[in-house]
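Novice: Just dropping this structure here.
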Amino acid sequence: MPIRVLIAEDSPVVQVILRRMLATYPDIELVGMARTGKEALAMMSQARPDVVCTDFHMPEMNGLELTQEIMATMPRPILVLSASVQAEDTQNVFRVLNAGAVDVLPKPIDGGVNNWNDLQQELITKIRVLSGVAVFTHRRQLMGQSRSRPREIAPSALSSVSAIAPEVRQRHYELVAIGASTGGPQALQGILRQIPGNFPVPVVCVQHISRGFLTGLVNWLDAECAVSVRIAQVGMRAEPGVVYFPPEDQHLTFSRRGVFASAPLPPFSGHRPSVTVTFESVAAVYGRHCVGILLTGMGKDGAVGMQAIAQAGGVTIAQDEATSVVFGMPKEAIALGAAQYILPLGEIAPVLLKRLFTMPSLS
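This is the structure:
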């Protein structure tokens, strides 16, 4: 059966473009085109979509409100379409992701754009992936309601740790490296929100995300978390308690411990930045003194890189199937025997803190 898609979009021009993009794929059926969020919500029960694509700015009910209503009453995988990558708009996009949407894509605003084929392929791929995603009911979050930021670890909480020699307590772990794709922004938020601002090592995250949304992701996570979140630059020193992302369309590597570099390589497994490229550099530079984590995502990127970390003596953790939006990348790492630990998302940060602050083993 074809994948049933409902679109909420108020621009007639974009509506036409989206219709054209979907029309040539027999495995995708457009079951509704709504002009407002309110209209889309009214269509849900009859259209029975497998995937919902929504704009943010719409009359009567915007994309955030629509997402909140859908996820509270009839959960479906939601793809956010954004016309702009300006700061305000990308912040709105990540508010929608936080409300339960799964992924984001630049809105095709001009039928004659040079990257028409690329954007069409990305749209079709995301719809196909999202159609197989299991989503869950989200409670509505009241307007203006915010979650408390995690506090720094108090000195008293570290007192029992101080008696343990640093080389045993941390095994001298010097870096945490994380890779993610579909569902990654939400998974990263779930982990990083639990990490205190005085975390003793740098964290490097490689997230597959559509062009133009990296800065918005970094700003959103920085506002949500106690740790600082930044985009790494070549030659920059990695600081403890800071989370770094590769620059857009660049592989992130290390020239030596604590110093970022960039590998002038083509896309790996279709991705640049690539999780595997970063993980392999981390393994080569940090050896047994690093922790590699592979989260939810489609495809194989990161699996071979995690294997390199494991072979170098580092600690490797894969997100489990039950909590992954797409169990692709972690599954590939597990199949290679590269994942020493397979954990639910909610247990990854506690294990990190236990590893880095209290004991040298997970047992």
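Residues 589 to 951 (my numbering) make up the sequence shown, in order.
By construction, the Cβ of each residue, glycine as well, lies at the ideal position given by its N, Cα and C atoms.
(1) One question on the structure: do tyrosine 832 and cysteine 878 come within less than 9 Å of each other, judged by their Cβ atoms?
(2) Classify proline 738 as helix, strand or coil using the three-state DSSP reduction.
(3) Using 10 angstroms around the beta-carbon of leucine 693, count the other beta-carbons present and answer buried if the total reaches 16, otherwise exposed.
(4) Using three-state DSSP, classify methionine 886 as helix, strand or coil.
(5) Alanine 871 and isoleucine 897: beta carbons closer than 9 Å?
(6) Is methionine 589 buried or exposed, if buried means 16 or more other CB atoms sit within 10 Å of its CB?
(7) Distance check for alanine 910 and serine 750, CA to CA, integer angstroms please.
(8) Whose C-beta lies closer than 6 Å to the C-beta of serine 736 among residues of the same chain, with five residues either side of it excluded?
(9) Compute the Euclidean distance between the alpha carbons of proline 938 and aspartate 615, then round it to the nearest angstrom.
(10) Can you name the start and end residues of the alpha helix (DSSP H) that glutamine 634 belongs to?
(11) Using the DSSP secondary-structure output, state which residues sit across from isoleucine 612 in a beta bridge.
(12) Below 7 Å CB to CB, which residues in the same chain sit around isoleucine 922 once its five sequence neighbours on both sides are set aside?
(13) With H, G and I counted as helix, E and B as strand and the rest as coil, what does DSSP make of leucine 924?
(14) Distance, Cα to Cα, tryptophan 808 vs valine 593?
(15) Phenylalanine 644 by DSSP, collapsed to three states: which one?
(16) Can you look up glutamine 656 in the DSSP assignment and give me helix, strand or coil?
(17) Mark glutamate 827 as exposed unless 16 or more other C-beta atoms lie within 10 angstroms of its C-beta, in which case mark it buried.
(18) For glycine 767, report the span of its beta strand (DSSP E) as first-last.
(19) Please state whether DSSP places alanine 937 in a helix, a strand or coil.
(20) Can you grab the Cα-Cα spacing for the pair phenylalanine 644 / methionine 917, in whole Å?
(21) On a Cα-Cα basis, can you pick out the residue from His839, Pro852, Asp837, Val791 that is closest to arginine 825?
(22) In terms of DSSP beta bridges, what is glutamate 617 paired with?
(23) Assuming valine 717 and valine 914 form a contact by the criterion Cβ under 8 Å, report the distance between their Cβ atoms to the nearest whole angstrom.
(24) List, from N- to C-terminal side, the beta strand (DSSP E) runs of 3 residues or more that fit wholly inside the stretch 778-809.
(25) Anyone know if the C-beta pair for leucine 654 and leucine 618 falls short of 9 Å?
(26) When the Cα atoms are used, what is the spatial distance from cysteine 641 to threonine 678?
(27) Secondary structure at isoleucine 752, three-state DSSP: helix, strand or coil?
(28) Is histidine 760 helix, strand or coil by DSSP?
(29) Tell me histidine 859's beta-bridge partners as DSSP assigns them.
(30) Determine the closest residue to valine 847 out of Phe856, Leu853, Val865, Ser869, with distance taken between C-alpha atoms.
(31) Between the C-alpha atoms of threonine 841 and glutamate 648, what's the straight-line distance to the nearest angstrom?
(32) Verify the contact flag: alanine 900, CB atom, against every heavy atom of the ligand ADP, threshold strictly below 8 Å.
(33) Aspartate 706: buried (16+ other C-beta within 10 angstroms of its C-beta) or exposed?
(34) Could you pull the DSSP bridge partners for glycine 880 from this structure?
(35) Can you name the residues that DSSP bridges to proline 773?
Specialist: So, from the data block:
(1) No, the Cβ-Cβ distance between tyrosine 832 and cysteine 878 is not below 9 Å.
(2) The pLDDT assigned to proline 738 is 41, lower than 50, so where the model puts this residue is not dependable, and the model offers no usable value.
(3) Flag for leucine 693 reads buried.
(4) Coil, per DSSP.
(5) Yes, these two residues count as a Cβ contact at 9 Å.
(6) It is exposed - the Cβ of methionine 589 has fewer than 16 other Cβ atoms within 10 Å.
(7) For serine 750, the pLDDT reaches just 33, beneath the cut-off of 50, and the residue's location in the model is therefore unreliable, although a value from the coordinates is still provided. The alpha-carbon atoms of serine 750 and alanine 910 are separated by roughly 36 Å.
(8) With a pLDDT of only 41 at serine 736, under the threshold of 50, the placement of this residue in the model should not be trusted, and no figure is reported.
(9) Taking the straight line from one Cα to the other gives about 42 Å.
(10) Bounds of the alpha helix (DSSP H) holding glutamine 634 are 625-635.
(11) First, the residue type needs correcting, since residue 612 is threonine and not isoleucine in the sequence shown. Residue pairing of threonine 612 in beta bridges, as defined by DSSP: absent, with no partner found.
(12) The residues are Ala906, Ile930.
(13) Coil, per DSSP.
(14) Their Cα atoms are separated by approximately 28 Å.
(15) It is coil, neither helix nor strand.
(16) Three-state result, glutamine 656: helix.
(17) Exposed, because fewer than 16 other Cβ atoms sit within 10 Å of the Cβ of glutamate 827.
(18) For glycine 767, the uninterrupted beta strand (DSSP E) run begins and ends at 763-768, by DSSP.
(19) The three-state secondary structure of alanine 937, taken from DSSP, is helix.
(20) Rounded to the nearest angstrom, the two C-alpha atoms are 29 Å apart.
(21) Among His839, Pro852, Asp837, Val791, the Cα nearest to that of arginine 825 belongs to Val791.
(22) Paired residue(s): Arg592.
(23) Contact holds; Cβ gap of about 6 Å.
(24) Scanning the stretch 778-809 for uninterrupted beta strand (DSSP E) segments of 3 residues or longer gives 791-795, listed from N- to C-terminal end.
(25) The answer is no: Cβ separation not under 9 Å.
(26) Cα to Cα, cysteine 641 sits roughly 16 Å from threonine 678.
(27) Low local confidence applies: a pLDDT of 27 at isoleucine 752 is under 50, so the model's placement there is unreliable, with the coordinate-based value given in what follows. The answer is coil: DSSP assigns isoleucine 752 none of H, G, I, E or B.
(28) The answer is coil: DSSP assigns histidine 760 none of H, G, I, E or B.
(29) Partner(s): Phe856.
(30) Valine 847 has its Cα closest to that of Ser869, out of Phe856, Leu853, Val865, Ser869.
(31) Straight-line Cα distance between these residues: approximately 47 Å.
(32) In terms of ligand content, the structure shown is empty, and the ligand ADP therefore cannot be addressed.
(33) Taking every protein chain shown into account, the CB of aspartate 706 has fewer than 16 other CB atoms within 10 angstroms, so this residue is exposed.
(34) Its beta-bridge partners are Ala765, Thr904.
(35) According to DSSP, which records beta bridges pairwise, proline 773 is partnered with nothing at all.
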